[in-house]
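Notes follow once the structure below has been shown.
Residue numbers (this note's numbering): 227 to 312.
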């Protein structure tokens, strides 16, 4: 939306895209991309949690990460680091 008088956006702070690399990205998307980039074995090495090491699956990983804030933070941090380096 623009101001009819001068053509400037009504909300100039929201006109651009968010700088947060996690904005609009679901946890499922994050896990799937990390698995695509690293594979389960490497992901389990980089982030030492059982759901990545023993019989890993997207479903079990999402269940664990949604209930465990410290693990989710590590996964999100690895995702941000990986996205910024690519």
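Heads up, the beta-carbon is just placed ideally off N, CA and C, and yes, glycines get one too.
Would you kindly check if the distance between the Cβ of residue j and the Cβ of residue i is under 8 angstroms?
i: residue 292; j: residue 253; result: yes
i: residue 306; j: residue 287; result: no
i: residue 297; j: residue 275; result: yes
Keeping to the same chain, check which residues put their C-beta closer than 6 angstroms to that of residue i; ignore five residues upstream and five downstream.
i: residue 282; result: 266
i: residue 290; result: 277
Spatial neighbours of residue i within its chain, please: CB distance less than 8 angstroms, with the 5 preceding and 5 following residues excluded, ordered by chain position.
i: residue 263; result: 308
i: residue 247; result: 305, 306, 309, 310
Using the beta-carbon count (16 or more within 10 Å), is residue i buried or exposed?
i: residue 280; result: exposed
i: residue 303; result: exposed
Our contact map puts residue i next to residue j with C-beta atoms below 8 angstroms; I'd like the distance itself, whole angstroms only.
i: residue 273; j: residue 301; result: 6 angstroms
Within the stretch 252 to 286, ranges of the alpha helix (DSSP H) (whole runs, at least 4 residues) | DSSP runs (the alpha helix (DSSP H)) wholly in the stretch 252 to 286: 253 to 272, 276 to 279.
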